[in-house]
Structure formats: structure tokens, C-alpha cells
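See below for the structure under consideration.
Written as C-alpha cells, this is what we have:
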């Protein structure tokens with residue numbers, strides 16, 4: 001019997017019998033309900049941690065306004081009331097989609113997320129693509145050359161990629177490829193011409209690459225990609241180390257399966273077994289872990305966007321932190337927490353649809 005005929009039986013989990021579509025819907029409902037306490041805990045933590053520094057108006061404008069005006073602003077905003085009253089009012093406002101207004105430039109926090117969130121999303125997608133390009137072939141190579149020097153070297157590289165501070169990686173890339181070699185732009189999402197083009201009314205998505213393609217402007221497409229290389233690599237390396245180790249571990253595990261052993265005994269090459277029959281099962285845990293990596297990517301985006309002046313949510317969060325605008329910081333952090341929770345839910349659903357064992 002050919003190994004190709006045996007592979008699907010093993011690649012498809014059969015440890016326990018599937019419970020049918022009802023099991024999937026029950027799993028989705030449970031995961032959906034669990035989002036509520038998760039988000040509530042995060043909102044509560046962020047709210048009270050921000051209040052440890054006092055009221056937001058004093059933090060942002062203290063020393064810049066006369067004492068009387070400052071006290072009047074605090075009273076008008078209701079920050080002189082009990083903290084618990086403010087907390088429950090804040091929860092009520094969130095339920096209707098009101099995350100507050102920034103103190104320094106008087107902008108709705110929701111508007112900031114809508115305006116700059118697309119830039120962060122675009123950078124996160126580039127980073128994931130870079131992470132896959134790096135981690136999958138190198139993870140397969142590490143599994144193929146298990147316990148050889150190539151495997152040891154790649155495992156060390158994976159640990160270094162994960163452990164090295166992202167701002168250090170970003171600054172190093174800028175120094176080498178922008179300053180010394182002059183190959184790539186130092187910062188920004190595009191040249192001045194592209195920025196002007198993207199500020200027009202015909203760029204609704206805010207994702208520069210999509211808007212440039214939609215406008216049919218080839219120069220803008222290349223310019224956007226050219227500016228994205230360094231920040232995407234800096235952020236992608238952070239995730240690539242995790243993915244590489246996952247691919248290696250799962251491919252090695254799959255190589256111990258009976259159908260692989262059978263194929264090996266029939267003369268199927270190790271290279272073919274790794275790349276054709278062990279690769280697909282190794283992707284399932286990556287999809288599961290990807291939800292957790294979203295939080296890592298968003299946290300890394302703060303440093304990456306600041307390093308490369310990539311004007312996304314992370315860049316704006318750093319700017320508001322410097323201005324001590326804790327209303328803006330609180331709103332952005334809460335909204336990021338909501339995005340991470342919802343993303344994890346969607347990833348869990350996809351993983352459950354791919355692998356029925358996840359539902360148990």
C-alpha cells in the first residue's frame with residue numbers, strides 16, 4: 001500500500017469519535033460566553049491601574065493650568081467623584097461603544113482606533129507573512145536534520161529571535177540596511193508622494209497596499225512594500241522563533257507515526273516524508289497558537305511602530321503615554337484587549353473546525 005494512501009487516515013485525528021455539529025456549536029457558545037469575564041477582568045485591571053496615578057486630568061494637564069482651572073476641569077469631567085462610581089459609568093459607556101475622548105487633542109478614542117488600526121493591521125499581516133516564510137522551511141529543515149548541527153543552530157536562532165528585544169532588532173536593521181547600506185527607507189509607511197496619495201478620499205481602507213492596488217498605481221504599491229520590509233522583518237522575527245519550534249516539534253512527532261514508518265520501510269525518501277506527509281499536521285498547532293501571537297504582535301507593534309515611525313495604534317499609544325493622556329491610553333488598551341479576546345475566540349473556532357479533538 002502506498003504511503004500517500006495511508007497518510008490522510010493518520011493526519012486526520014481519530015483519537016475520539018466526533019460528536020457531530022452539535023458539539024461544535026456548543027464549543028463555540030462556551031467560548032463566546034467566556035469572552036465576557038475575560039474582557040471584564042481586563043477592563044477592570046486597566047481602569048484601576050490607570051487610577052493609581054490619580055485622576056487623568058491632573059496627570060495630563062497638572063502644572064500646565066492654574067489650580068482653579070484644573071479643579072474646574074476635574075469637576076466638570078466627574079473625576080472628583082468616588083472611583084467606583086466612575087468605574088461603573090465607564091463600563092456603561094463601553095457597552096454603548098463610547099471609549100472616551102482624549103484629553104490632549106479632544107478626539108474620540110474609537111475614531112483613533114478606526115483611523116490608525118488599519119496601519120497596525122497591515123503591519124501585523126506583513127509580520128505574519130515574514131514569520132511563515134522564515135519559520136516553515138527552517139522548521140522543516142530542523143526536523144529533517146534532527147539532532148545535527150543544523151538543528152542545533154536553528155533552535156538557537158529561534159530562541160535568540162524570540163528573546164532579543166524587538167526595539168534592538170529594529171534599530172540594528174535600520175543601522176545596517178538604511179544607514180550603512182542605504183538600501184531601504186529609515187521610517188514611515190511610504191514616501192511623501194505616497195502619503196499624499198493615501199490622504200485622498202479614494203483610499204477608504206487605510207491599508208496602503210490595498211488602496212494602492214485599487215488605485216492601479218504600481219509605483220505606490222512598490223513604495224509601500226519597500227517601506228514595509230524592515231518593520232515587517234523586525235516584528236516577524238519575534239513570531240518566527242515560536243513558529244519554527246512548533247513546526248520542528250510537530251513534524252518530528254508526526255515522523256514517529258505508523259504510516260510514516262511504513263512509508264520509510266518502502267523506500268520513501270526522508271525529504272518527501274517531511275515535506276509532504278508531516279507538514280500538514282504540523283500546521284494545526286500553529287493555527288491554535290496564532291491567537292496568542294496576536295497579543296504578542298500587538299505588543300510588539302508598539303515598539304516596532306515607534307522605532308520605524310509607522311503611524312499605527314502602537315505609535316499613537318506611545319505618543320499618548322508621553323503626553324500622560326491616560327484617558328486615551330486606557331481606551332486604546334481596552335480596545336486592544338477586546339480585539340485580542342475576539343481574535344482568540346475566532347482562532348479557537350477555526351482550530352475546532354479543523355481538528356475535532358479541540359472541542360473536548
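In the UniProt record's numbering, the protein residues as written are 1 to 360. We treat Cβ as the ideally placed atom computed from N, Cα and C, and that holds for glycine.
{"Asked": "Can you tell me where the alpha helix (DSSP H) with residue 153 in it begins and where it stops?", "Found": "149–163"}
{"Asked": "Please classify residue 330 as buried or exposed, where buried requires at least 16 neighbouring CB atoms within 10 angstroms.", "Found": "buried"}
{"Asked": "Among the residues of its own chain, which have a CB less than 6 Å from the CB of residue 324, if the five just before and after it don't count?", "Found": "59, 60"}
{"Asked": "At the level of alpha carbons, what is the spacing between residue 29 and residue 335?", "Found": "22 Å"}
{"Asked": "Starting from the C-beta of residue 211, find all residues in its chain whose C-beta is less than 7 Å away, skip the five residues before and the five after it, and write them out in chain order.", "Found": "198, 203, 205"}
{"Asked": "Please say whether residue 94 and residue 79 have beta carbons closer to each other than 7 Å?", "Found": "no"}
{"Asked": "Does the beta-carbon of residue 185 have 16 or more other beta-carbons within 10 angstroms, so that it is buried, or is it exposed?", "Found": "buried"}
{"Asked": "How long is the line joining the alpha carbons of residue 313 and residue 297, rounded to whole angstroms?", "Found": "12 Å"}
{"Asked": "Figure out for me which residue from 326, 271, 140 has the closest Cα to the Cα of residue 49.", "Found": "326"}
{"Asked": "Using the C-alpha atoms, what's the distance from residue 159 back to residue 252?", "Found": "18 Å"}
{"Asked": "Between the beta-carbon of residue 234 and the beta-carbon of residue 130, is there less than 7 Å?", "Found": "no"}
{"Asked": "Is there contact between the region 171–191 and the region 244–261, where contact requires at least three CB pairs shorter than 8 Å?", "Found": "no"}
{"Asked": "Quick check: the region 233–249 against the region 139–153, are at least 3 beta-carbon pairs closer than 8 Å?", "Found": "yes"}
{"Asked": "Mapping DSSP to helix, strand and coil, what is residue 82?", "Found": "coil"}
{"Asked": "Just the C-alpha distance for residue 254 and residue 97, rounded to the nearest angstrom, thanks.", "Found": "46 Å"}
{"Asked": "Who does residue 374 pair with in a DSSP beta bridge?", "Found": "Past the boundaries of the shown model lies residue 374; the chain is included only from 1 to 360, so the question cannot be answered."}
{"Asked": "Residue 14: buried (16+ other C-beta within 10 angstroms of its C-beta) or exposed?", "Found": "Only weak support is given to the placement of residue 14: the predicted model assigns it a pLDDT of 42, under 50, and the value that follows is read from those uncertain coordinates. By the neighbour-count rule (16 or more Cβ atoms within 10 Å), residue 14 is not buried but exposed."}
{"Asked": "Once you ignore the five residues that flank residue 229 on each side, which residues in its own chain have a CB closer than 7 Å to its CB?", "Found": "184"}
{"Asked": "Could you spell out where the alpha helix (DSSP H) holding residue 239 opens and where it closes?", "Found": "218–255"}
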